[in-house]
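Q: So that we are looking at the same thing, I have put the structure below in structure tokens.
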Amino acid sequence: MPSTLINRRDLAFQLYEVLGIEALTRRPRYAEHGRDTFEAVIDTAEAIAERHFAPHNAELDRNEPTFDGERVHIIPEVGEALRHYIEAGFMAAGHDEAAGGMQLPYVVTQACAAFFQAANISTAAYPFLTGAAANLLDAFGSPQQKERYMTPMLEGRYFGTMALSEPQAGSSLSDIRTRAEPQDDGTYRLFGNKMWISGGEHDLSENIVHLVLAKIPGGPAGVKGISLFIVPKYLVNDDGTRGPRNDVRLAGLNHKMGYRGTTNTLLNFGEEDGALGYLVGEPHQGLRCMFHMMNEARIGVGLGAVMLGYAGYLYSLEYARTRPQGRHPGDKDPSTPQVRLIEHADIRRMLLAQKAAVEGGLGLCLLSARLVDDKATAEDPAEREAAATLLEILTPIAKAWPSQYCLEANGHAIQILGGYGYTRDYPVEQYYRDNRLNPIHEGTNGIQAIDLLGRKVTMQGGAAYHLLLERINATVDAAAEHTELAEYAEGLAAAGRRLVETTRVLTSAAAEGKVALSLANATHYLDLLGHIVIAWIWLDQAIAALRGLEAAQGTERDFYLGKLRTCRYFFRFELPRTAAWATLLGKLDDTTLGMPEAGF
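For the sequence shown, the residue numbers in full-length UniProt numbering are 1 to 600.
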């Protein structure tokens, strides 16, 4: 029976035929692995996701966590699912064998993550936050901090959070007020409030390790004065046993439109003597440390958006294949049998839009994960540097583009089901509600757009931007050698030329001091570059599909032809939108910037 969470044939195609991840096994870190071990662990992820995560997805949505003033109550199926996840070794899957991990490539752990996110995004959030927190401590924590906090996280005994935002600050981290008072013994006492903290309170683990941004009094103003601290829910004794409760209290739960099963909290630090905290890294370097976790989380957010879109696509596809409704436009005889929804052209349009978004978005997220592996393990230093550089410019796109366009895919899924799609009796409305969070958290899409245009495009003299153009042009050249892809190669080349001119206009304006005008329509620049990147992803997939088609028969032939037709859809229906965005941006339009407040 095919998976209801992801098309396994598509996943295998992207991992092995497009990204060629078997080559990773030639590197020392992954030498014990092969395609057989990769597939075995993916099989396990699929089984656990379908058996233990998916069945309680709707129930968790209907019965979100509650707070009785003393403790948070979560339906027991969440803890049971996480127990299976931890026992299978997924919490530490990418870590060293010496630390209890499997030393799996990040791209493989992300492929596994895809199943859990599609099955139950709320339950999956707890271990994914924990994994990102553990990775941060692995990168910046002291040996004692790793032993005391990271190791129990990898064992699944402790869970982790990232505590950045505050009620008055939101995404404006320079305005946070939480302060960390130094103590004579080298520890700190924290006082303040943190808002929107996912996984901030629960009884799913022995302890919760909060990674908290705060300011040490007397430090520099703004973001340059932010430091990072470990603040555990329970203090940890020297022998590793759990000590007394720290001065961290749950002030309340936020009630969200979707993603309801993940506790989302307002936390008070220091209602009494101050929450005991431990500095991670150097003073005033907290944002640099936290961005290690945030950037990983941004790729994860993009993948989560993809997988919610993917789940909606597969459900609406099956519905369209089985639901009879209406007749062909030329058939006026009401006595003839109805045709299935999928036989209507407009339904196929919406299915193609979903397939293009979710399979293109998946390609982008897996490519980003592969770059994480190359950055860490490529034997050639130049290759490592190139991977890191390319990842810098792709990260805001990998977070924001799926958050926008895979959400649109969920809207198409609802539309295909019609009135039924707008009810809670079918899962597609929950997928939409869950996915609506993704353009907001881990840096809103607007923030990602400003980061992309205002920083990533121009960083290091435009190194990341020019490297991305080189990679895109290399794919264009490869595609141009195939008659079947010549149209798409020229379309992407033309879009690239418009991008170059548009970027020149915008960056020149910023260099002349017109920063606000340059960034006024940054969201459309993100759309422009994002669509070009997804077109690049699809063109790479089309090249791989042509290779596979040469010897394909039966369902394999259908698969590759489906890839080629979806590529055609994206290039004919989606990529042309970039021309309008480029025209608007190139004019340095001030409509939004110049609108007076009184005019609203």
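Every residue gets a Cβ at the ideal spot worked out from N, C-alpha and C, and that includes glycine.
Does L593 pass the burial test, meaning 16 or more other C-beta atoms within 10 Å, or should it be called exposed?
A: Exposed.
Q: Three-state secondary structure (DSSP) at N207?
A: It is a strand residue.
Q: Would you mind stating whether L190 and A275 have Cβ atoms separated by less than 8 Å?
A: Yes, these two residues count as a Cβ contact at 8 Å.
Q: Determine the burial state of T336: buried for a count of at least 16 other Cβ atoms within 10 Å of its Cβ, exposed for fewer.
A: T336 comes out exposed.
Q: Q553: buried (16+ other C-beta within 10 angstroms of its C-beta) or exposed?
A: By the neighbour-count rule (16 or more Cβ atoms within 10 Å), Q553 is not buried but exposed.
Q: Give the secondary structure of M162 by DSSP, where H, G and I count as helix, E and B as strand, and everything else as coil.
A: M162: strand per DSSP, three-state reduction.
Q: Thinking H524 and L469 are a contact (beta carbons under 8 Å), I'd like their distance in whole angstroms, please.
A: Wrong, their Cβ atoms sit about 19 Å apart, outside the cutoff.
Q: Among W401, P152, K215, which has the Cα closest to the Cα of P182?
A: Per the Cα distances, K215.
Q: Count the other CB atoms within 10 Å of the CB of R83; is the residue buried (16 or more) or exposed (fewer)?
A: The residue in question, R83, is exposed, as its Cβ has fewer than 16 Cβ neighbours within 10 Å.
Q: Tell me, to the nearest whole angstrom, how far the beta carbon of A45 is from that of F159; I am working on the premise that it is less than 8 Å.
A: Rounded, the Cβ-Cβ distance is 19 Å, inconsistent with contact.
Q: Just list the alpha helix (DSSP H) runs in the stretch 423-483, keeping only unbroken ones of 4 residues or longer that don't cross its boundaries, in chain order.
A: The stretch 423-483 contains these whole alpha helix (DSSP H) runs: 428-435, 445-451, 459-480.
Q: Rounded to whole angstroms, what's the CA-CA distance from K587 to L136? Just pull it up for me.
A: Looking at the two C-alpha atoms, the distance is approximately 42 Å.
Q: Would you mind reading off the limits of the beta strand (DSSP E) that contains L250?
A: 248-253 is the extent of the beta strand (DSSP E) around L250.
Q: Of all the options S198, A509, P167, D203, which has the alpha carbon lying nearest to the alpha carbon of G192?
A: Of the listed residues, the one whose Cα sits closest to G192 is P167.
Q: Can you find at least 3 beta carbon pairs, one from the stretch 401-421 and one from the stretch 143-156, that sit closer than 8 Å?
A: The stretch 401-421 vs the stretch 143-156: no contact.
Q: Apply the 10 Å Cβ neighbour rule to M150 and answer buried if 16 or more other Cβ atoms are within range, or exposed otherwise.
A: Buried, by the Cβ-count rule.
Q: For D10 and E359, which I take to be in contact (beta-carbon distance under 8 Å), what is that distance rounded to the nearest angstrom?
A: Going by Cβ atoms, the distance from D10 to E359 rounds to 6 Å, so yes, they are a contact pair.
Q: DSSP on T66, reduced to helix/strand/coil?
A: Looking at T66 - three-state DSSP - the assignment turns out to be strand.
Q: Applying the 10 Å Cβ sphere with the 16-neighbour rule, what's the burial state of S174?
A: Exposed, by the Cβ-count rule.
Q: When you compare the CB positions of I543 and A479, do they come within less than 8 Å of one another, or not?
A: Taking 8 Å as the Cβ cut-off, I543 and A479 qualify as a contacting pair.
Q: Using only the alpha-carbon positions, how far apart do Y422 and E429 sit?
A: Going from the Cα of Y422 to the Cα of E429 covers about 6 Å.
Q: Here's a check: name, in chain order, each residue in its chain whose Cβ is nearer than 7 Å to the Cβ of L352, leaving out the five neighbours to either side.
A: If we look at L352 and ignore the five residues flanking it on each side, its Cβ neighbours are T566, Y569.
Q: Count the C-beta pairs between the stretch 393-404 and the stretch 423-443 that are closer than 8 Å, then say yes if the count reaches three, no if not.
A: Yes: the two stretches touch, three or more of their Cβ pairs being nearer than 8 Å.
Q: Identify which residue in F291, I347, V18, A305 has its Cα closest to the Cα of L317.
A: Measuring from the Cα of L317, the nearest candidate turns out to be I347.
Q: Can you confirm whether the stretch 364-379 touches the stretch 309-323 when touching is taken to mean that 3 or more C-beta pairs between the two stretches lie within less than 8 Å?
A: Segments in contact, no.
Q: Determine the extent of the beta strand (DSSP E) in which Y180 is found, giving its start and end residues.
A: Here the sequence assigns Ala to residue 180, which means Tyr is not the residue at that position. Per DSSP, A180 belongs to the beta strand (DSSP E) from 179-182.
Q: Is the separation between the beta-carbon of M102 and that of L154 shorter than 8 Å?
A: Going by C-beta atoms, M102 is not nearer than 8 Å to L154.
Q: Let's see if you can read the secondary structure: which residues bound the alpha helix (DSSP H) around P152?
A: Element bounds for P152: 151-154.
Q: Which whole-angstrom value describes the C-beta separation of G277 and A180, a residue pair presumed to lie in contact below a C-beta threshold of 8 Å?
A: Going by Cβ atoms, the distance from G277 to A180 rounds to 6 Å, so yes, they are a contact pair.
Q: Assuming A388 contacts K375 (C-beta within less than 8 Å), just tell me the rounded distance between them.
A: Yes, A388 and K375 are in contact; Cβ-Cβ is about 5 Å, under 8 Å.
Q: State buried or exposed for M595, treating a residue as buried only when at least 16 other CB atoms are found within 10 Å of its CB.
A: Exposed, since its Cβ has fewer than 16 Cβ neighbours within 10 Å.
Q: What do you get for V515, buried or exposed, if any count of 16 or more other CB atoms within 10 angstroms of its CB means buried?
A: It is exposed - the Cβ of V515 has fewer than 16 other Cβ atoms within 10 Å.
Q: With a threshold of 16 other CB atoms inside 10 Å of the CB of K332, please say whether the residue is buried or exposed.
A: By the 10 Å Cβ count, K332 comes out exposed.
Q: Just checking my contact of H202 with V72 at CB under 8 Å: how many whole Å lie between their CB atoms?
A: That belief holds up - the Cβ atoms of H202 and V72 are roughly 5 Å apart, short of 8 Å.
Q: Return the chain-ordered list of same chain residues with a C-beta closer than 7 Å to the C-beta of G94, the five sequence neighbours on each side being excluded.
A: So the list reads G101, L104, Y106, T109, once near-sequence residues are dropped.
Q: According to the neighbour-count rule (16 or more other Cβ atoms, all chains shown, within 10 Å of its Cβ), is P427 buried or exposed?
A: With 16 or more other Cβ atoms within 10 Å, it is buried.
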